[in-house]
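**Q** Starting off with a structure, shown below.
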Amino acid sequence: MSAEAGPRRVRADAERSTTRILDAAEDVLAVDANATLERIADAAGLARATVHRRFSSRRALLAALTDRLNERYLRALDQTRVSAAPPVAALHRLTELVFELKVANQAVMELTTDPETGITALSEEVVAGLDLLFTRLREAGEITAAEPAWCRQVYLAIVHEAWRLPADSPALAGTTDDPAGVLGARADLTFRTVLGALGGGRPQ
């Protein structure tokens with residue numbers, strides 16, 4: 001074994017342990033938002049000391065979960081092709097993916113979100129991707145609002161409010177009891193509302 005193989009193996013083991021902890025945390029916190037690090041360690045099948053070495057506190061664990069969530073937002077932006085796809089189509093597809101993320105990561109989002117605004121702390125890369133999308137919408141004449149940061153804030157606020165609507169809300173009229181149908185209705189409502197709020201002339 002080379003001199004470098006040992007450190008590489010240690011790093012790989014540490015990365016696997018971290019992944020196991022974060023996976024377990026997502027599962028456990030979905031059931032009990034107040035779960036302790038010790039309970040998460042048990043669910044991960046790791047010694048409690050191992051978890052405490054990776055995450056010195058619950059706050060540090062939530063920060064790591066926020067980073068992971070931002071990575072998923074970045075993947076959604078990549079799938080949407082915000083820099084190349086027609087911007088209206090990109091906005092609609094991104095909104096669908098954002099609501100899918102909310103379903104899959106609901107517990108983590110609730111724990112890492114500002115309770116007043118409903119907005120999760122977004123990384124600089126995610127913010128840049130959103131701002132690029134709204135810049136392209138403006139350049140294409142799809143919206144009249146000129147400030148990308150303002151557009152982003154409006155968008156995230158409307159996503160939050162659409163998410164909070166009960167499934168039987170008149171605003172979601174015409175949907176079925178199928179969760180996928182309700183989710184699609186939330187995305188469509190958000191899409192139309194955002195374009196209208198930002199001065200869009202051709203909401204679809």
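With UniProt numbering, the residue at position 193 of the sequence shown is 193, and numbering never jumps. For every residue, glycine included, the Cβ atom is placed at its ideal position computed from N, Cα and C. Everything numeric in this text was worked out from a predicted model, so none of it was measured.
With a Cβ-Cβ cutoff of 8 Å, do Leu189 and Ala171 count as a contact?
**A** Yes, they are a contact pair.
**Q** Let me make sure I understand the geometry here. Which of Val88, Ala76 and Arg20 has the alpha-carbon closest to that of Leu97?
**A** Taking only the C-alpha atoms, the option nearest Leu97 is Ala76.
**Q** Quick check on Arg59: buried or exposed, where buried means 16 or more other Cβ atoms within 10 Å of its Cβ?
**A** Exposed, since its Cβ has fewer than 16 Cβ neighbours within 10 Å.
**Q** Which same chain residues end up closer than 8 Å to Asn105 when comparing Cβ atoms and leaving out the 5 residues on each side of it in sequence?
**A** Contacts found: Glu26, Leu69 and Arg72.
**Q** Per DSSP, what are the beta-bridge partners of Thr95 in this structure?
**A** Thr95 is not bridged to any residue.
**Q** Any idea if Thr19 is buried or exposed, counting beta-carbon neighbours within 10 angstroms, 16 or more meaning buried?
**A** Its Cβ having fewer than 16 others within 10 Å, Thr19 is exposed.
**Q** Where does Gly196 land, buried or exposed, given buried means 16+ other C-beta within 10 angstroms?
**A** Exposed, by the Cβ-count rule.
**Q** Applying the criterion that 16 or more other CB atoms from any shown protein chain within 10 Å of the CB defines a buried residue, is residue 228 buried or exposed?
**A** Within the shown structure, residues of the chain are numbered from 1 to 204, placing residue 228 beyond reach of any answer.
**Q** Which residue from Leu37, Asp67, Glu110 and Asp23 puts its Cα closest to that of Glu125?
**A** Answer by Cα proximity: Asp67.
**Q** Taking the alpha carbon of Leu61 as the point to measure from, which residue in Thr80, Leu122 and Ala35 has its own alpha carbon closest?
**A** Comparing Cα-Cα distances from Leu61 to each of Thr80, Leu122 and Ala35, the minimum goes to Ala35.
**Q** Under a three-way DSSP split, which group does Glu147 fall into?
**A** DSSP places Glu147 in coil when its eight states are reduced to three.
**Q** Chain E beta carbons: is any one of them nearer than 8 Å to that of Arg138?
**A** Among the protein chains of the structure shown there is no chain E, as only one such chain exists.
**Q** Tell me whether Gly129 is buried or exposed, calling it buried when 16 or more other Cβ atoms sit within 10 Å of its Cβ.
**A** So Gly129 counts as buried.
**Q** Going by alpha carbons, who is nearest to Leu91 out of Leu183, Ala41, Leu132 and Val31?
**A** Considering only alpha carbons, the answer is Leu132.
**Q** Compare the beta carbon distance of Leu111 and Ala33 with 8 Å and say whether it is the shorter of the two.
**A** Taking 8 Å as the Cβ cut-off, Leu111 and Ala33 qualify as a contacting pair.
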